[in-house]
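Visitor: For reference, the structure I am asking about is given below.
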Amino acid sequence: MSVLEALIFGIVQGISEFLPISSTAHIIIAQFLFGRTFSGLSFEVILHLGSIVAVVLYFRRDCIQLTRTFFRYIKERRSMDRPEFFFGLYIITATFITGFLGILLEDVLAGTMKTPLFIAAALTLTGVFLILIERVHEIGNRTETEMTFMDSIIVGLAQTIAVIPGISRSGSTLIAALYAGLNRKTAVRYSFLLSIPVIAGSSVLAFEDLTVGGMASIGTMPLAIAFLASFVTSWIGIVWLINFLNSGRLLYFALYCFALAIVTITFIDNIPSTPGG
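The opening residue of the sequence shown carries number 429 in our numbering; numbering runs sequentially from there.
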């Protein structure tokens, strides 16, 4: 793999990971365009590590505070720590649901998920739901202190569907949280913090494919470039999305998903090679 290709894959991963446009779909489409087949999951693990490092560093204060408050409540039962304790439980609940059901769903759909037609259909579905949540459903005003386990179950189930390329993980969690009646600020914080154990968990599960041979076939420099590009652009994506959602509209992301679906089915579907890995 050339340094330029690694740079492009890193940028694609970083920019699309936290925007509601499906990073998995973008990586697969990029593979089609470059005629690339990744051997194992070594390269994908490196790409995801860049994103996970970015989100952990960006939300480091939230992570430290949430962890400290969570265990302090277990030990001291201070009432002031109760909201953050339950917020942590809601993250754990949604993560468990996603992890358990996601593995089952991926096994069932593994053979059919990476075709251009499937990806285009999933992108279209993502766009439809982005429009529905903004145009049809009234955004709620509930905060973290008013969350319930039902909210975490709804978000966890929605996030599970994101195992399908084209169904955005960040999009599905944002849509589900807003549908449940959470306000935008709470939905965004919950979605981002929930991404940490989910992305980290999927990377850990893929570590068995992180072989010396697989990494050597890619090259040290391309791997380093891909990681740095993923890290930097993931950080940019996080900052941009948070600022955008304060005043922007999800409609723009929906239109992008529709456009990408059309491009995928019109052009990518005519490319004979099918990426694997």
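The C-beta atom is built at its ideal place from N, Cα and C for all residues, glycine as well.
Are there 16 or more other CB atoms within 10 angstroms of the CB of Gln493, so buried, or fewer, so exposed?
Guide: Looking at its Cβ environment, which holds fewer than 16 other Cβ atoms inside 10 Å, Gln493 is exposed.
Visitor: Does DSSP put Leu447 in a helix, in a strand, or in coil?
Guide: In this structure, Leu447 counts as coil in the three-state DSSP scheme.
Visitor: Using beta-carbon positions only, say whether Ile449 and Cys685 come within less than 9 Å of one another.
Guide: Cβ atoms of Ile449 and Cys685: closer than 9 Å.
Visitor: Does the segment 550-567 come within contact of the segment 494-507, defined as at least 3 CB pairs closer than 8 Å?
Guide: No, they do not touch.
Visitor: Compare the C-alpha of Ser662 against each of Ala434, Arg617, Phe437 and Val483 and name the closest.
Guide: Closest option to Ser662, Cα to Cα, is Val483.
Visitor: Let me confirm a value: Gly478 is counted as buried when at least 16 other C-beta atoms fall within 10 Å, else exposed. Which label applies?
Guide: With 16 or more other Cβ atoms within 10 Å, it is buried.
Visitor: Rounded to whole angstroms, what is the Cα-Cα separation between Leu551 and Leu545?
Guide: Distance between the alpha carbons of Leu551 and Leu545 is about 10 Å.
Visitor: Return the Cβ separation of His476 and Ser631 in integer angstroms, given the expectation that the two are a contact with Cβ distance under 8 Å.
Guide: That pair is a contact at about 5 Å.
Visitor: Tell me the residue span of the alpha helix (DSSP H) that contains Pro650.
Guide: Residues Thr648 to Ser675.
Visitor: In the DSSP assignment, find the alpha helix (DSSP H) that holds Thr596 and state where it starts and stops.
Guide: Rather than Thr, the amino acid found at residue 596 in this sequence is Ser. First-last for Ser596: undefined, no H or E at that position.
Visitor: Pick from Arg612, Phe514 and Asn674: whose alpha carbon is nearest that of Thr573?
Guide: Per the Cα distances, Phe514.
Visitor: Are the segment 583-595 and the segment 608-626 touching by the rule of at least three beta carbon pairs closer than 8 Å?
Guide: Segments in contact, yes.
Visitor: By how many angstroms is the C-alpha of Phe577 removed from the C-alpha of Thr521?
Guide: Cα to Cα, the separation comes out at about 8 Å.
Visitor: Spatial neighbours of Ile603 within its chain, please: CB distance less than 6 Å, with the 5 preceding and 5 following residues excluded, ordered by chain position.
Guide: Same-chain partners within the cutoff: Phe557 and Ile561.
Visitor: Tell me whether the beta-carbon of Phe460 lies closer than 9 Å to the beta-carbon of Leu651.
Guide: No.
Visitor: Please determine, among Tyr680, Ser596 and Phe462, the residue with the shortest C-alpha to C-alpha distance to Ser451.
Guide: Looking at the Cα atoms, Ser596 is the closest of the given residues.
Visitor: Go to Asp509, then tell me how far its alpha helix (DSSP H) extends in each direction, as first and last residue.
Guide: Premise fails: Asp509 is in no alpha helix (DSSP H) and is neither H nor E.
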